[in-house]
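Protein chains in written order, with the numbering used here: chain H, 1 to 268; chain P, 1 to 394.
Each residue gets a CB set at the ideal place from its N, CA and C atoms; glycine is no exception.
If you're wondering where the values come from, they're calculated on a predicted model, not measured in any experiment.
Okay, so here's the structure we're looking at.
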Amino acid sequence: MPKPLKELLDPRQAAESVASTQVWKSIFRHGYPDSPRNRALTMISNVFLHLHPIRMKKHGLRLRYTWCMGGLTFFLFLIETITGLLLMFYYRPTPEYAHYDMQYLREDVPVGITREIHRWAAHAMVITVWLHMFRVFLTGSYKPPREFNWGIGVFLLVFTLLLSFTGYLLPWDQLAIWAITVGSNMARATPFLGHEGPGASLLKIGDLNLVHAGDDAKFGLLGGRFVGAPALLRFYVLHCVGFPLLLATLIAVHFWRVRRDGGISGPA
Amino acid sequence: MGFLRDLVNAIFTGPTLGPVLIFTISVGGVLALLRWYRVLTRPKVAGAALVAAVVAFALSLGDHNFRLIVAKPDNVPIVMLFFLVGFFTWLALRQAALNDERIEQGKPPREAEESEKSLTWPDLVYIEFLSTVFVTAALLLWSILLKAPLEPPSNPTETPNPSKAPWYFLGLQEMLVYYDPWMAGVVLPSMIIVGLIAVPFIDPNSKGSGYYTLKERKFSIGMFLFGFVSLWCTMIILGTFLRGPNWNFFGPFQRWDPHLLFPLVNVDLSEYVWVHWLGVGKPNSILLREMPGFLAVIAYVVLVPPLFAKRLIPVDIAAKIRGSGLPKALGEVLAAPFAAKAFFAEMYQRLGFVRYNVLMLLVLSMMSLPIKMVLRWTINLKYIVSIPEYFFNI
């Protein structure tokens, strides 16, 4: 028998009837989270939420303790991934097109703040990851049993910087190539591996230098003697594929270890 | 106002006084925080400091040259970094002060009072949700207000002056003033990474895990604040706002004049020893020429750790100096080296041979930067070891 219209329009009853459908039940395997049991089920039956424990100590909820910096770093990483994906639709990593595509993004692409969000969120992510490390250090949270996860965190910090560094080149403007030139010039001074590094001139067979401007660490980084087309492609691939994959993997390890090592740190 | 601005400009003119002042303020600030953190983090004191900083910043924004640098869209994050690092240093040390007071009274830290459990849904999830909403809104606002800059197309034949690395690497670029690229760009950054990873293994202090405290971990927190705030963040702020064309130092209200030139009068240690002191001229043999430098570096890296570790002097000599009836400040200053010596000897006992030596290598590497800065500022020392023939300069 069809339900009376009044019953269908009542929000509470309508919600109940939606929640009792087969479709709804196939997605959510628990009732409305208003009882401890259903709240626990909410956490463990959702692949994203199950990163968290079901219960946690109250001090770990306090912003004054956690500063929320680790979580925000992860959130900014997600924003970077989404906006980065959108930007990839409009960008070709070759010297002929790169700067032209940036102008196009700047002037003509609808909802033209994607690049802005990507750039400012990248700056913000570097700051939040530093502040996260700062907080973890000051609360002594690297101490046993969390030593290993602290090390993972250091790598996450380094890869965040490298991710930002590789992205710095992509606009292919004056700021980009000269910043990368300054940065990559350091590589040619690598001991033994850079052609202006200490010890490199000792590595030779007869008169043949093994380390020179055409094969040293800087050359390997840039794919050339200076910042050119190969460097742009290299940085693009590392920025869009290499480092994000590495970072995502390490983030998974980091989160998993946070749980394994006892959740958020606290006094013994 | 104009008088103040002229005064600041006058102080900051020249290549040395500016960096000296900046680092004195940042190092002195961190030392003062470590010493008097309980007073300095009181809401009234810290609030006054914040108001002073904001007012000084707001007034400075009235100056054309200051605005030119600070309001550059890409420099906005560094302004944020300045205030955020200040705020969170206060937040951490304030909670440390409160906890240390509690611990002295025999009570557990505040964090331990809240050890009862709470359901993650909804208590944590809604905080996370609100944070993401807040950050998204802030980012959208930021992105609407400030357009991401785009400079002219890249041109390999036209070098901008100054050419700066991305802002988070400006600490390394600033180190280039005092070190060669192989140290500033390769060795020291690698040591920072290795040193950070090593932190949990060279700090066996089991206290202060999972709550804010300073008293129980003064050395480790002091070292971290020194490295992160006094050196790393300070060099980024200095490199962004105060380094102009030719990497010259400019005051916050000075025009970045690209034609400004300062004659370099920096001198290597070998020149000091052989030419100035012995008066015989530099020897031809590289090894002999650089022997003084090598000896200095070896003494610093190899001899300092065991010297500090051995109990060469009675442990209580610092206490004796302090109690000897000298004026208090003078007694403190005279006692400080002996107290440090005793502290490290005690640390060697606690850490053991391997941990102690790894820690000392890292600490000495970090301290080599301020030491080289001071040597540069005082006696214009360029390199301690200088073998340009092999790109080997320290």
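{"Asked": "CB contact below 9 Å: Leu63/H versus chain P", "Found": "yes"}
{"Asked": "Val182/H and Ser154/P closer than 9 Å at C-beta", "Found": "no"}
{"Asked": "Three-state secondary structure assigned by DSSP to Asp261/H", "Found": "coil"}
{"Asked": "Contact belief for Thr213/P with Asn99/P at Cβ below 8 Å, rounded distance in angstroms", "Found": "5 Å"}
{"Asked": "Length of the line joining the Cα atoms of Thr120/P and Arg29/H", "Found": "18 Å"}
{"Asked": "Residues of the stretch 214-227 of chain P with Cβ closer than 7 Å to any Cβ of chain H, in chain order", "Found": "Arg217, Ile221 and Phe224"}
{"Asked": "Nonlocal neighbours in the same chain, by C-beta distance under 8 Å from Met235/P, ignoring five residues either side", "Found": "Leu170, Gly171, Glu174 and Met175"}
{"Asked": "Through-space distance from Phe77/H to Gly262/H, alpha-carbon basis", "Found": "24 Å"}
{"Asked": "Runs of alpha helix (DSSP H) wholly within the stretch 172-229 of chain H (minimum 4 residues, chain order)", "Found": "174-185 and 217-222"}
{"Asked": "Identity of the residues DSSP links to Ile387/P by a beta bridge", "Found": "Phe392/P"}
{"Asked": "Backbone CA spacing between Pro388/P and Tyr178/P [nearest angstrom]", "Found": "15 Å"}
{"Asked": "For Asp74/P, the nearest candidate out of Ala124/H, Leu49/H and Thr81/H (CA to CA)", "Found": "Ala124/H"}
{"Asked": "Residue burial classification, Val302/P (beta-carbon count within 10 angstroms, cutoff 16)", "Found": "exposed"}
{"Asked": "Separation of Pro152/P from Ile193/P, as counted between CA atoms", "Found": "35 Å"}
{"Asked": "Candidates Asn266/P, Thr136/P, Phe344/P and Ser131/P: closest to Lys372/P by CA position", "Found": "Asn266/P"}
{"Asked": "Below-9 Å beta-carbon distance, Thr157/P vs any chain H residue", "Found": "no"}
{"Asked": "Meets three-Cβ-pair contact criterion under 8 Å: the stretch 376-384 of chain P and the stretch 265-281 of chain P", "Found": "yes"}
{"Asked": "Nearest-angstrom Cα separation, counted from Pro327/P out to Trp182/P", "Found": "46 Å"}
{"Asked": "Classification of Arg64/H by the beta-carbon crowding that lies within 10 angstroms, buried from 16 upward", "Found": "exposed"}
{"Asked": "For Val126/H and Thr166/H, believed in contact at Cβ under 8 Å, the rounded distance", "Found": "Not confirmed; about 13 Å, so no contact."}
{"Asked": "Gly2/P versus Leu59/P - alpha carbon distance", "Found": "11 Å"}
{"Asked": "Limits of the unbroken beta strand (DSSP E) element including Ser118/P", "Found": "Lys117 to Leu119"}
{"Asked": "Chain C contact for Phe28/H (CB, 9 Å cutoff)", "Found": "You won't find chain C in this structure, because its protein chains are H and P."}
{"Asked": "Sequence ranges, alpha helix (DSSP H) only - wholly within the stretch 16-79 of chain P, length at least 4", "Found": "17-40, 43-60 and 64-70"}
{"Asked": "Cβ contact check for the stretch 240-256 of chain P and the stretch 146-160 of chain H: 3 or more pairs under 8 Å", "Found": "no"}
{"Asked": "Sufficient close CB pairs (3 or more, under 8 Å) joining the stretch 41-58 of chain P to the stretch 219-233 of chain P", "Found": "no"}
{"Asked": "Distance between beta carbons of Arg62/H and Lys117/P, contact taken as under 8 Å", "Found": "Not quite, the Cβ-Cβ distance comes to about 14 Å (not below 8 Å), so this is no contact."}
{"Asked": "Nearest-angstrom Cα separation, counted from Thr94/H out to Ile113/H", "Found": "23 Å"}
{"Asked": "DSSP bridge partner residues for Met56/H (one or two, in chain order)", "Found": "Ser118/P"}
{"Asked": "Cβ of Phe165/H within 9 Å of any chain P Cβ", "Found": "yes"}
{"Asked": "First and last residue of the uninterrupted alpha helix (DSSP H) at Arg355/P", "Found": "Phe353 to Ile379"}
{"Asked": "For Pro200/P, the three-state DSSP class (helix, strand or coil)", "Found": "helix"}
{"Asked": "C-beta neighbour in chain H for Arg289/P, strict 9 Å", "Found": "no"}
{"Asked": "Backbone secondary structure at Arg92/H - three-state DSSP", "Found": "coil"}
{"Asked": "Same chain, Cβ closer than 6 Å to Lys381/P, neighbours up to 5 away in sequence not counted", "Found": "Inspection of the sequence shows that residue 381/P is occupied by Leu rather than by Lys. Within the same chain, Leu381/P has close Cβ partners Leu375."}
{"Asked": "Short CB-CB distance (under 9 Å) between Ala19/H and chain P", "Found": "no"}
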